[in-house]
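For the sequence shown, the numbering used here assigns the number 120 to the initial residue and increments by one for each residue that follows.
Idealized CB from N, CA, C, for every residue including glycine.
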Amino acid sequence: MGFERLDIVHEFGKRPLRRWRAGVLNGWNAKHVTIGRLGDGRWYVDVTGQMAYATGDQGEAEALLGRVLARDVWRPVPARFGPDQEPCDGREWRRVGQDWEPAD
120 MGFERLDIVH
130 EFGKRPLRRW
140 RAGVLNGWNA
150 KHVTIGRLGD
160 GRWYVDVTGQ
170 MAYATGDQGE
180 AEALLGRVLA
190 RDVWRPVPAR
200 FGPDQEPCDG
210 REWRRVGQDW
220 EPAD
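Written as structure tokens, this is what we have:
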């Protein structure tokens, strides 16, 4: 199916599903990778400050995500926050200092 390069800032209706961070929280070298769905149903992978790609195939998006995650040391972080600044991405999280960790 292939990938289309995105200007993710201008994509409305995107829904981040999972997110990972490499580097320290709020550090100068912190970067994030996110996988999610666009408003039109396509999947996207966004590496903050580097690239964002969309595809209609979930398997292709997950394969790209796997290649990105293999290049660094990543840890899961919440993909979305609600108005109360609590994670609202469907997973259970616990607060650890200023950061969040998976509760499982």
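In the structure shown, ALA141 falls within a strand segment according to DSSP collapsed to helix, strand and coil. The C-alpha of ASP159 is placed about 30 Å away from the C-alpha of ASP191.
Here the alpha carbons of GLY155 and GLU181 stand approximately 10 Å from one another. For ARG124, the number of other beta carbons within 10 angstroms of its own is below 16, and it is reported as exposed.
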